[in-house]
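Trainee: Just so you know, the sequences run in chain order A and B.
If you're matching positions, the first sequence starts at 0 in numbering that gives the first Met the number 0 and goes up one per residue.
If you're matching positions, the second sequence starts at 0 in numbering that gives the first Met the number 0 and goes up one per residue.
The structure follows.
Protein chains: 2
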Amino acid sequence: MRKNERYSPVPGTDKPVEIIDIKGIEDIGYVQQDSIILNSLTPEENTRCRHGLYFQDGQRRVDYVLTYPVKKPGSSRSRRHTSLLTDNAFARSLRRARGPAPAPGPRPSPEDPEAGSPGHGMDCHEDDKRSRREEFEGHLTDMGLELEKDEDTKTPGVGFVKIHAPWNILCREAEFMKLKMPTKKVYEVKNGSSVVEKINTFIHKVTEPLHPNVEENRTQSLKHLSYPFSREKQHLFDLSDRDSFFDSKTRSSIVFEVLKRTKCTKAKYSMGKLMKFAPNSSKLTLKCSSLSCPPGITSLLGSGVYLAAYPLHDLMYEEWASYSVFYKYQPISLIRKYFGEKIGLYFAWLGVYTQMLIPASLVGVIVFLYGCVTVDDDIPSMEICDVRKNFTMCPLCDRVCSYWNLSSACATARASHLFDNPATVFFSIFMALWAAMFMEHWKRRQMRLNYEWDLTGFEEEEDHPRAEYEFRVLQKTLKKEHKSQKAEKEKLTCKDRFPAYMTNIVMMLLMIGVTFAIVFGVILYRISTKAALHMSSNPTTRSNVRLTVKATAAIINLVVILILDEVYGAVARWLTVLEVPKTDGSFEERLIFKTFILKFVNAFTPIIYIAFFRGRLGGRPGSYLYVFESYRMEECASGGCLMELCIQLSITMLGKQLIQNNLFEIGVPKLKKLIRYIKSKRASFQEEEREKRLQRYETDYFLEPYAGLTPEYMEMIIQFGFVTLFVASFPLAPLFALLNNIIEIRLDAKKFVAELRRPVAARAKDIGIWYNILRGVAKVAVIVNAFVISFTSDFIPRLVYQYMYSPDGSMHGFVNHTLSYFNVSHFQNGTQPIEPLYLGYQVEICRYKDYREPPWSSTPYEISKEFWTVLAVRLAFVIVFQNVVMWMSDIVDWLIPDIPKDISLQIHKEKILMVDLFMKEEQGKLHVLDSLVSAAAKEHGGRNTACECVCAPRHSYLCHNIPVSPV
Amino acid sequence: MRKNERYSPVPGTDKPVEIIDIKGIEDIGYVQQDSIILNSLTPEENTRCRHGLYFQDGQRRVDYVLTYPVKKPGSSRSRRHTSLLTDNAFARSLRRARGPAPAPGPRPSPEDPEAGSPGHGMDCHEDDKRSRREEFEGHLTDMGLELEKDEDTKTPGVGFVKIHAPWNILCREAEFMKLKMPTKKVYEVKNGSSVVEKINTFIHKVTEPLHPNVEENRTQSLKHLSYPFSREKQHLFDLSDRDSFFDSKTRSSIVFEVLKRTKCTKAKYSMGKLMKFAPNSSKLTLKCSSLSCPPGITSLLGSGVYLAAYPLHDLMYEEWASYSVFYKYQPISLIRKYFGEKIGLYFAWLGVYTQMLIPASLVGVIVFLYGCVTVDDDIPSMEICDVRKNFTMCPLCDRVCSYWNLSSACATARASHLFDNPATVFFSIFMALWAAMFMEHWKRRQMRLNYEWDLTGFEEEEDHPRAEYEFRVLQKTLKKEHKSQKAEKEKLTCKDRFPAYMTNIVMMLLMIGVTFAIVFGVILYRISTKAALHMSSNPTTRSNVRLTVKATAAIINLVVILILDEVYGAVARWLTVLEVPKTDGSFEERLIFKTFILKFVNAFTPIIYIAFFRGRLGGRPGSYLYVFESYRMEECASGGCLMELCIQLSITMLGKQLIQNNLFEIGVPKLKKLIRYIKSKRASFQEEEREKRLQRYETDYFLEPYAGLTPEYMEMIIQFGFVTLFVASFPLAPLFALLNNIIEIRLDAKKFVAELRRPVAARAKDIGIWYNILRGVAKVAVIVNAFVISFTSDFIPRLVYQYMYSPDGSMHGFVNHTLSYFNVSHFQNGTQPIEPLYLGYQVEICRYKDYREPPWSSTPYEISKEFWTVLAVRLAFVIVFQNVVMWMSDIVDWLIPDIPKDISLQIHKEKILMVDLFMKEEQGKLHVLDSLVSAAAKEHGGRNTACECVCAPRHSYLCHNIPVSPV
């Protein structure tokens, strides 16, 4: 809570309306004309912010922070307060340029790579780390970065290296990364024809209060042409304000890129571990330089040389990370500007999903209400409730239960109708198409964002290998070298990974087996408890049996799911670490895949059991199926299993959402932060005073490190499963999901802004594997819904009865048709009810729900023709439903173009504009050159040859800025 | 044939082995070290080639040719032999630079846009065209292209404009188009680990004779780093040989790009037509400039200002376009180098498809052989052939047919087994997976080609609007303007297109209706002929009835399909023209879609009828279904309809391939060329002499214009349909397809090289809509095969009999089980056979193939329980098959990464290399600068300030080439 206070915005003062409510902004990279609205910091806040966000000189921004352990806080040797480099870039570059010259000049700094000899560096682990740090930092300054160390902080035991990227480094790296930057050229975006434009304007006006109160939405009709940044084409860009040309997220990702790339030539890394494999490797360091050493910060973080690496928070949103604006759109562009495209896409996706849930939940509620309204007109439930019909049913359990009257199941039958009516068939078709629409809508939104964020043309590239992978490769190489004396660059083959793969498969199967076992255990619990409670002599207990058993079983299921969810998350991570994937991307993908399978199985196994197996394995009176030879398998209550499915679904979904999201997501990070804070508090004592003067890079250090978006996405995907998979049985699922997500968005926002360290901005064009998983879930949903409708619900039997067997084409007589006859004299010995006269009369024939021949037919209790007819129709329905929905989805997919038309038009227009711009510029330059040449020819005669000499090899392009110096 | 002679290569002379067999090459853009192998032209050929390929000066290459009609061959006014421009690029650019200056200087050329006043230009249509040509060509020279006119050719009535793009125009446009060009930096491509490399080497060695005998395959391990061409980074590229840096296809596509972009400011275009809508538009020309006039060559070609536009052929392949190398791989890289990526991808795709057909046809043959081998062990056909079983069957037609013995169908039953055995089930699963594998394999191949062809990062962009579209927009705007006096940029809305869309829908439905009607007509033909022939008293006629009818019906079907194919192609094109799509891309897509639907329906409707409807609509004895109240619907021969399906399939497929491909594809272009040639021959007389001296641009003019790849792809897709859709019934389809394709590849190659004008090289990353269509066909194939196996074949009834009804678990008694009983006394009046004693005994009960209750049951002739059981199992099989195969395909899709691992690694490596290169260069330059500065400081004192002034604003990058001139 204390932390939140710090991050909360200043109460609104008497500023003009134009000012938006963003606090603590300095450099989101707004174009100049917008900059007026961004300086809304109060003076004292401003200084406090600047204090932590800048170098000691107050000029150079901290773009990145590395922290490292300081074991001896008193050691003044490694403490340095001044920047390692002078500011004079020219002089520095000269020095660097002289560096690689062959002449062995005097080395200016002690952190020379070769100076630390192998024997010297190994005597102390701590010293080793420090020397590697020094080497790494030396390389960083060689790359042009500027560093400032700070060990004298209020946080004991932690040293900070603040990194600043000067202008020309930013330019160079932006060019290498092919970052598209806005040029000076501005053009107006027209929204298609006048009609469309009018509609858009109208919609925009109507939804005005829903838009976040930020600048973003006002200047949408003007767009800067973007072009990959290039130092030769600097004249294209508006560089008047160099400080804000690259925004903070770009700066930090540029620095991160350099950090990743910078090699550590001394691969003494994890030497201790290596010694196990190559005990005689005294020449290890020499060899190591011939191997490709793992580059960059990742391996240093992995081996503990640095503790953490993060950019600084410098901004927070009132218009986003607050529950009070739950009804508004999100300021996606600002989120992207601050957190980068990857996180921006997550929130955009979450927004689209939540938005799409609105129509789904509306229709779901209507379907539910339709069920409520029509419950009194439903003939089958009327027949069940009709006491005069007097169906005597066979007992539900052996011996202790007796015959019962179907009319006693009246309430259940009526409740079933709420979820089992023709509208649900329509609803599941609707939801399948909804899922397809959602996918399409998202694809288009993604494309639009790609365009708006200038990501068109950007290609995701393979990451650098992970530190663990490089370490394994090093191990393997050393081992092999030890054997064959042949130094060859190795990589991990399938053979190396075989044990890990086997462990993976075995563990995955084991985990799935555990889930199945637990579901089976819960079934056993239900059967045995029911039997036990039935035996009890207390009549009130017996009457409450069903309710008690259902409720406890569902809660047990929920608790097990929650516990296993956490366990499975950990297991999946452990298994993925075992696999040693090569890159971060592959690590993430494998982890996601495993986690998804485990969590999905965990969440849906009990539900699938209830939907498709429960009540089907029980056998028939006189030949029941027994588990462990004493417990009869459960049957569904009359009225179908749909009701029970519905109860199970709602408990699991609501429970998961309430407990996992709110308790875990809010509670756990808070707890962790508290623990971290208390730990560091113990070490020092002047906490109150320190608290106030903590620098920004220190406060950020206490935050939880950013751990990727996987948990956020995973949660939403599982929810998407609940919304689509069994929607035929629970039309209110979208509504619950919607309510949850409205909170979820702001919850995640708060978490990212206030609970986590600022993540490095990552570029991404799409949501990656998640899209495929979504597609997969939507595909499975079609099949599952087809089966739920045709097998779990009574839809098909009713249809068949009405059109094939009903004497008058109505539903009258349906209940009688679905019940088979059983002659009570055919009960197995010892299974007859002990109270045969419970209903008050002698029972000779009891009824049970199945399609079987009556006792008086030539083949008693055999499966009847009706059964096969209904089965054939059920299967035909599945085929028709699956294919119709699948092809409809495909048609939706195909009809809606992936790239919105206006976007593709604009991309085309931009290209033409760019060519125009270049052509004009070229002609302008020719013109200038022409006048220069003629002027020079007039005045000096022979002087112009020099100029031509400069220009000729590069064809008129470079003469742009050349001042003809009148010598 | 004459033409072919010209294109055929010179017989091999005594050159060293290193020389590859490519003739007529000058500038495929080989890197310098390869150039030695390319000069394999004999001297006289060389001069002949150069004659047509170069300007009159023999220096400047013809990159593009425009032809225009010359109505008065005597008019010397418009004849020009000299290039319109001087060669001095510097002087020209000066003139151009002076052009747009505000001072009204004297216009140098008569083709000034404003000089041609509207009234003046309209008095003569021919003059109008000429003036527009002159204006357009003026713009082209303004853009920097160099032109040469040639009206004095041997081809009367046609004038030629030859276009040459000089070096700096090529550079400029390559930069705008972001063409990736090879840099000087070369690196070695390692083929993964040693094991993989060894395997690859081994495979390569084994397949050595299969590889085309071209340079391509030898230098694969070295690759030039590619980088988007930029004039500022010229030092990166190897520009030592400027003539070959851009190859001919790049040059022509660059010129085409300029041609497309160049605007015609005088939009007098189609003025005659416009006058209909705006008769009072004397100020039309003035207005027109405010409208955006349709840019470029497309509209000029559309309005007949130019006749044709094409680049020149300059190369032909012996190693490709020849039947004698049918067993070899194609030299895809050379195809791409010559025709561009789009056509290269087509041939690569065709190659992959053909290659993939090899395993498919192997397995297909094995499955067929399995059928042949097991035919004697097949119990059902043994039972049918067993005379002792003596099943008396009900008559096949009313009155004239009599009862018959099932054993007379022995041969059909045995033949059926060849295609209807358990192996076909396996084979259709195999083929579904094969299709998935094919898709994946292609995706990977495409990715690899993208990488090899430096297309990574290239984005397909929206085309310029088509001329027809622009014309319609202009019409609409003028009409509106006429009404409301408001000049606004218009576009075609749905309302404008509504009539076209309606026509489209109606016509498509009509065409599909026609197909259905024709299929129905053939059915009627079959029924009626059969009835008529049955009535004939000639016994030999009657015994040949079945064969005659089947054969004629199949041939009629084939002929109808072939004719309708052509009709539908034309209809689809006409409908698409009606729609007025905006861009060429959209035109192509719509055309493809319509053509595909029509051709697909056309090819497969008769087959689908036979597979799923024939024999199912006939009713049962005593209550047959009659068409036109007299003809009974057909039944299948005993042994299932699969046999007939198989016959129909093979006739359609083989007939289509033989006739369409060979007759149409080879014959028709030859015929057209002949006609064109004869036409022009009539006009002049010295044909023999002319023939020898024709310039290259003249011979190319007589070729058929390139009309897109649509027909080629379409043919293959329909074939793919035959291969996958009904593969369960015809396992030999892949084999026939393979044989056809081996010829098809070389046929297409010959066509592209010798029969068509050279197409403009188009860049493309993928095969576009065809991939989606392939996916769609593969998806449909799964469902169709599921239905063929479960409904058309006897697979499921056998299975059900064996596991549910067979007394001993064997197939004995199966035939009896499938035949129902009919009491002959229940025949309708007048339908009894007139020869009831045909078989020699009195028949009381006859049998028919159906699952119905016997006459003695309580519900005679009702559908029996067995029917429902079999139906349920059939449907269950469809569900299981479809889902299993679908998910297996998805898993295949998911398991095989889209981007081959080595490619993604190499892309990553290239990026690192590029950054390294830049960093090194930068340091090198700093070093040079440093020494310069210090040298200058020593010598001149103040002189170095000027240099700094040059370099400072661009940060050290541009100082690269500056010679410090010692004034």
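Glycine included, C-beta positions come from ideal geometry on N, C-alpha and C.
Keep in mind that this is a model prediction, so the values were computed, not measured.
Note down the Cα distance separating Phe515/B from Leu509/B, rounded to an integer number of angstroms.
Mentor: Approximately 10 Å between the Cα atoms of the pair.
Trainee: Please tell me whether Ile717/A and Ala602/A are closer than 8 Å, where the distance is taken between their beta carbons.
Mentor: Yes; because the gap between Cβ atoms is below 8 Å, this pair is in contact.
Trainee: What are the boundary residues of the alpha helix (DSSP H) that Ala748/A is part of?
Mentor: Looking at the DSSP string, the run of the alpha helix (DSSP H) that includes Ala748/A is Ala732 to Lys749.
Trainee: Roughly how many whole angstroms lie between the Cα atoms of Gly120/A and Arg132/A?
Mentor: Bear in mind that the predicted position of Gly120/A carries a pLDDT of just 38, short of 50, making it unreliable; the figure below should be weighed with that in mind. Whole-angstrom Cα-Cα distance: 12 Å.
Trainee: What are the boundary residues of the alpha helix (DSSP H) that includes Arg443/A?
Mentor: Arg443/A -> alpha helix (DSSP H) spans Pro421 to Glu451.
Trainee: Can you tell which of Ile378/A, Phe54/A, Glu174/A and Arg675/A has the C-alpha that lies nearest to the C-alpha of Phe236/A?
Mentor: Nearest option by C-alpha distance: Glu174/A.
Trainee: Judging by CA-CA distance, which residue of Gln905/B, His223/B and Phe725/B is the nearest neighbour of Pro605/B?
Mentor: The shortest C-alpha separation from Pro605/B is found at Phe725/B.
Trainee: Taking only beta-carbon atoms, is Asn968/B less than 8 Å away from chain A?
Mentor: No information on residue 968/B is available, as it lies outside the stretch 0 to 966 that chain B covers here.
Trainee: Can you tell which of Leu894/A, Val64/A, Gly137/A and Leu454/A has its C-alpha closest to the C-alpha of Leu306/A?
Mentor: It is Val64/A.
Trainee: Kindly say whether Leu509/A, judged by its beta-carbon, lies nearer than 8 Å to any beta-carbon of chain B.
Mentor: No, because no Cβ of chain B sits closer than 8 Å to the Cβ of Leu509/A.
Trainee: Give a yes or no on whether the minimum CB-CB distance between Val783/B and chain A is below 8 Å.
Mentor: Answer no: the Cβ-Cβ gap between Val783/B and chain A never drops below 8 Å.
Trainee: Among the residues of its own chain, which have a CB less than 8 Å from the CB of Cys371/A, if the five just before and after it don't count?
Mentor: Leu417, listed in sequence order.
Trainee: Does the beta carbon of Gln874/B sit closer than 8 Å to a beta carbon anywhere in chain A?
Mentor: The residue you asked about is not Gln; residue 874/B is Leu in the sequence shown. Yes - at least one Cβ of chain A is within 8 Å of the one on Leu874/B.
Trainee: Compare the C-beta of Ile716/B with all C-beta atoms of chain A and state if any pair is closer than 8 Å.
Mentor: Answer no: the Cβ-Cβ gap between Ile716/B and chain A never drops below 8 Å.
Trainee: Can you pull the chain B neighbours of Lys864/A, defined as C-beta to C-beta under 7 Å?
Mentor: The answer, in chain order, is Lys864 and Trp867.
Trainee: If we define contact as Cβ-Cβ less than 8 Å, is Val877/A a contact residue for chain B?
Mentor: So yes, Val877/A belongs to the interface.
Trainee: For the segment 158–190 of chain A, which residues have a beta carbon sitting closer than 7 Å to at least one beta carbon of chain B?
Mentor: Result list: Asn167, Cys170 and Phe175.
Trainee: Under 8 Å between beta-carbons, which chain E residues line up against Ala871/A? List them in chain order, please.
Mentor: Checking the listed chains, one finds no chain E in this structure; the protein chains it contains are A and B.
Trainee: Have a look at Phe54/B, Ser728/B, Phe794/B and Trp441/B and flag the residue whose alpha-carbon is nearest the alpha-carbon of Ile607/B.
Mentor: Looking at the Cα atoms, Ser728/B is the closest of the given residues.
Trainee: Is the Cβ-Cβ distance between Leu432/A and Ser888/A less than 8 Å?
Mentor: Yes, Cβ-Cβ distance for Leu432/A and Ser888/A is below 8 Å.
Trainee: Hey, how far is the Cα of Cys400/A from the Cα of Phe346/A?
Mentor: Rounded to the nearest angstrom, the two C-alpha atoms are 55 Å apart.
Trainee: Of all Cβ atoms in chain B, is any one closer than 8 Å to the Cβ of Glu664/A?
Mentor: Taking Cβ atoms only, chain B never reaches closer than 8 Å to Glu664/A, which makes this a no.
Trainee: Ignore the nearest five residues each way along the sequence and tell me which others in Asn420/A's own chain have a CB closer than 6 Å to its CB.
Mentor: Result list for Asn420/A: Gly370, in chain order.
Trainee: Checking the sheet assignment: what are the DSSP bridge partners for Ala307/B?
Mentor: Paired residue(s): Thr66/B.
Trainee: Taking contact to mean 3 or more Cβ pairs, one atom from each stretch, closer than 8 Å, check whether the segment 548–564 of chain A and the segment 638–654 of chain A are in contact.
Mentor: Touching, yes, given that three or more Cβ pairs across the two stretches are closer than 8 Å.
Trainee: Report the residue ranges of all beta strand (DSSP E) runs contained in full by the segment 809–840 of chain A; include only those spanning at least 3 residues, in chain order.
Mentor: If we require 3 residues or more, the beta strand (DSSP E) runs fully inside the segment 809–840 of chain A come out as 818–822.
Trainee: Nearest to Pro710/B by alpha carbon, out of Phe519/B, Pro379/B and Gly568/B?
Mentor: Measuring from the Cα of Pro710/B, the nearest candidate turns out to be Gly568/B.
Trainee: Give me the chain B residues within the contact set of Val914/A, using Cβ-Cβ distance strictly less than 8 Å, ordered along the chain.
Mentor: Result: Phe175 and Arg260.
Trainee: Spell out whether any CB of chain B is found under 8 Å from the CB atom of Phe612/A.
Mentor: With 8 Å as the cut-off, Phe612/A does not count as an interface residue toward chain B.
Trainee: Going along the chain, which residues of its own chain have a beta-carbon closer than 7 Å to the beta-carbon of Asp385/A, five neighbours each way excluded?
Mentor: Within the same chain, Asp385/A has close Cβ partners Ser406.
Trainee: Count the other CB atoms, across all protein chains shown, that sit within 10 Å of the CB of Thr353/B; report buried if there are 16 or more and exposed otherwise.
Mentor: By the 10 Å Cβ count, Thr353/B comes out buried.
Trainee: For a test of the three-state rule: what should DSSP assign to Pro181/A, helix, strand or coil?
Mentor: Correct three-state label for Pro181/A: strand.
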